[in-house]
Structure formats: structure tokens, C-alpha cells
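Single-structure report; data block below.
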Amino acid sequence: MDDRYGSDVLADGWRNRGAKQIPDVAAARDLVVEVADDGFCGAVTRVQSGHVELEDRVGRKRLFPLGGGFLIDGQPVRLTPTAPSKQALKRTASGSFAVADQRARVALPSRILVEGKHDAELVEKVWGADLRVEGVAVEFLEGIDKLEDLLAEEPPSADRRYGVLVDHLVPGSKETRIADAILRGPHGLHLKIVGHPFIDVWQCVTPKTLGISRWPEIPRGTDWKTGICRAFGWPHDTQGDTGRAWQHILSKVHTYRDLEPALLGRVEELIDFVTEPAGSAVP
131 MDDRYGSDVL ADGWRNRGAK QIPDVAAARD LVVEVADDGF CGAVTRVQSG
181 HVELEDRVGR KRLFPLGGGF LIDGQPVRLT PTAPSKQALK RTASGSFAVA
231 DQRARVALPS RILVEGKHDA ELVEKVWGAD LRVEGVAVEF LEGIDKLEDL
281 LAEEPPSADR RYGVLVDHLV PGSKETRIAD AILRGPHGLH LKIVGHPFID
331 VWQCVTPKTL GISRWPEIPR GTDWKTGICR AFGWPHDTQG DTGRAWQHIL
381 SKVHTYRDLE PALLGRVEEL IDFVTEPAGS AVP
């Protein structure tokens, strides 16, 4: 005879039967977690006396008790001290979990478009491991003014979404006017255009990473990259000179902490957009 009420409700553990188990995760250095109560998000900097210290992307540090109340990738976890005998989980430059022995996926039809070679190199250096796992290709446009032609040749769709990263996307700029017009057009539903406020992607590298107090101000009418090289006393007469200057800047970037938050959040938005299952995008 079937027992329609299940097993003995007085047996040990009956209250927790069927409840979702929250995993324990070692609070390894650089592990990025979110505090469930207030949304504070940061990387682990140290664990001491039953507490974990988190540092967010702008350098603010806060201390929290180890245990429950944390999220990783939106899922509840319980932080525990790192076991000395166990190898800590590795992180990618973007702060994500490194996937061991993971082959790159075949590229998805969806892709991320950036304005230039330097933008693509910076995204690759910080998010490259994540993008290969997801199967997302990054291509450069050589300017947002060429986006409309690309869309006409290869229109986006529910199965092939485009995420576009734009420099100097601020109210009233030429880039913003172009982006707004394209988003109002026939391809807007399967297209996401976001950007950072800086004149060039070089400025997305924090001054602290380069050992300076701030980026120099370049007068109107002066090519921005040329002006930066001149201000730093670097060669600036040829395209090769500016290319070498960028490679020097890029060499200083090792993790997401070396980049401005205004870029970090936008790239994460684009990755989420182009990896959503077909049909799940919100118009």
C-alpha cells in the first residue's frame, strides 16, 4: 500500500528533506563573490579570524563573517576557510572561475563587435578565456560609422545577436547619435550597443595601473593618441609609434582590477546578451 504522506515526519532531518543544498566554497584569494544582503561585490583579499575581506572594483574594502549569505554567479554559497592541503580554485583575468581542461567551443553565430584593434586586444586579454569557453568571437569595426553597412550585409537575428562596444558613448556625441539611430532601425531588436565615456579605449586602463595620477588632457584639434604619446615623452611620429605605445600600456594590464568599472560592466552586459539562449532576449 502506498504511503500518501511519505515517511515518518518525526524522523531526523525531516524538515530539510528536499531542500536545496548550499555548496561550501573555499574563500580563496581573488575569488569574486556578492553579498546577498546588500549587493556588495568584490574579490577576496584575505581571510582572518573567521572573517573574509572583500575589495570591490573601485578599491573599497569590507569585512564579513565567513559562512552563508554570499552569491557566486547568482547562486548561494557558503564561504569557508581555504584548506591548506587543497589547491585553490584558479581565476581568469576577468575574475571568473577558470575551467580546467576546457576546449574552446565552436564560435557561436552571435558575436561582439568593437571599434578597433586596441579594443579587441584589451577585451581578449581580460575576457579571452571566458569568451573561448562560451564560443564568442570578437571582431573590430574600425569605427561605429561602419556598423550600419555590416548589419545590412549580415543582419542580426534571434539566433545571431550582435553586441557592440563603442568608445565615447556619452550624451550628444557623434557615437551616441549613430547608435541611437541604428537601434531605432530594423535591426535594433537583436542588437545591443553599449559604451564607455572615454575618448579612447586606452583610458579604460586605470591611471594607477600605469603609475600615474591621471590621464593627460589633450587639447581639441590634436590627435588624441599622438597627444598622449607626446605628453608621456614617447615617440609619436608614426602609426608604429602609437602601436608600440599601446603595447606598453596593454602589458600593464593583468586582471579586471586594472580596468575602469565603466568598461567592465559594459563588456559583461555584452557577453550576457550574446550568450542568452535564442528567444530569451527582452525587446
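Residue numbering for the sequence shown follows our numbering, starting at 131 and increasing by one per position.
Quick reminder that beta carbons are idealized off the backbone N, C-alpha and C, glycines included.
Cβ neighbour criterion (16 or more within 10 Å) applied to residue i
i: VAL296; result: buried
i: VAL397; result: buried
i: GLU245; result: buried
i: GLN217; result: Residue placement at GLN217 is poorly supported in this model, since its pLDDT is 49, which falls under 50; the coordinates still yield a value, given next. It is exposed - the Cβ of GLN217 has fewer than 16 other Cβ atoms within 10 Å.
i: ARG233; result: Because the pLDDT at ARG233 is just 47, under 50, the model does not fix this residue reliably, and the point stays unresolved.
i: HIS326; result: buried
i: ARG192; result: exposed
i: THR368; result: exposed
i: ALA309; result: buried
i: ALA282; result: exposed
i: GLN333; result: buried
i: ALA311; result: exposed
i: ARG307; result: exposed
i: GLY293; result: buried
i: ARG350; result: exposed
i: ARG190; result: exposed
Top-ranked residue by Cα proximity to residue i, from the options
i: GLN205; options: LYS322, VAL182, VAL163, ASP310; result: VAL163
i: VAL188; options: VAL331, LEU400, GLY172; result: GLY172
i: VAL256; options: GLY395, PRO391, TYR386; result: TYR386
i: GLN151; options: CYS359, LEU280, VAL207; result: VAL207
i: SER303; options: ALA282, HIS317, ILE329; result: ILE329
i: PHE170; options: PHE194, ASP154, LEU393; result: PHE194
i: HIS181; options: ALA158, SER240, LEU271, ALA311; result: ALA158
i: ILE323; options: GLY265, ILE342, GLU305; result: GLU305
i: VAL155; options: THR212, THR339, TYR292; result: THR212
i: VAL331; options: ILE312, ASP167, ASP249; result: ASP249
i: GLY341; options: LEU400, ILE379, TRP364, LEU313; result: ILE379
i: LEU400; options: GLU183, PRO153, LEU243; result: LEU243
CA-to-CA distance, residue j to residue i, given in whole angstroms
i: VAL165; j: ASP371; result: 45 Å
i: PRO301; j: GLY315; result: 19 Å
i: PRO346; j: GLU251; result: 23 Å
i: GLU185; j: THR175; result: 7 Å
i: PRO286; j: LEU321; result: 7 Å
i: VAL253; j: LEU209; result: 30 Å
i: PHE362; j: ARG344; result: 12 Å
i: GLY318; j: GLY373; result: 34 Å
i: ASP231; j: HIS366; result: Only weak support is given to the placement of ASP231: the predicted model assigns it a pLDDT of 46, under 50, and the value that follows is read from those uncertain coordinates. The straight-line gap from Cα to Cα measures roughly 43 Å.
i: LEU280; j: LEU299; result: 20 Å
i: PHE200; j: THR336; result: 28 Å
i: ASP260; j: ALA288; result: 22 Å
i: THR405; j: CYS359; result: 38 Å
i: GLY197; j: HIS384; result: 30 Å
i: GLN178; j: ASP160; result: 15 Å
i: ARG241; j: LYS382; result: 27 Å
i: ILE348; j: ALA392; result: 21 Å
i: GLY265; j: ILE202; result: 22 Å
i: VAL403; j: ASP167; result: Rather than Val, the amino acid found at residue 403 in this sequence is Phe. Approximately 26 Å between the Cα atoms of the pair.
i: PRO239; j: PHE270; result: 16 Å
i: LEU339; j: GLN377; result: Going by the sequence as given, residue 339 is Thr instead of Leu. So the two alpha carbons sit approximately 14 Å from each other.
i: GLY258; j: PRO407; result: 21 Å
i: LEU313; j: GLY395; result: 20 Å
i: VAL263; j: TRP364; result: 38 Å
i: VAL268; j: LYS247; result: 10 Å
i: GLU390; j: GLU284; result: 32 Å
i: ALA291; j: ASP388; result: The sequence given here places Arg at residue 291; Ala does not occur at that position. Going from the Cα of ARG291 to the Cα of ASP388 covers about 29 Å.
i: GLU183; j: PRO153; result: 20 Å
In DSSP terms, what residue i is bridged to
i: VAL207; result: PHE200
i: PHE194; result: VAL182
i: SER287; result: ARG290
i: GLY172; result: VAL163
i: LYS322; result: GLY293
i: PHE270; result: VAL244
Chain D within 7 Å of residue i, Cβ atoms only
i: LEU400; result: Among the chains in the structure shown there is no chain D, since it carries only a single protein chain.
Item to check | Cβ pair count under 8 Å reaching 3, the region 271-287 against the region 349-361 | outcome: no
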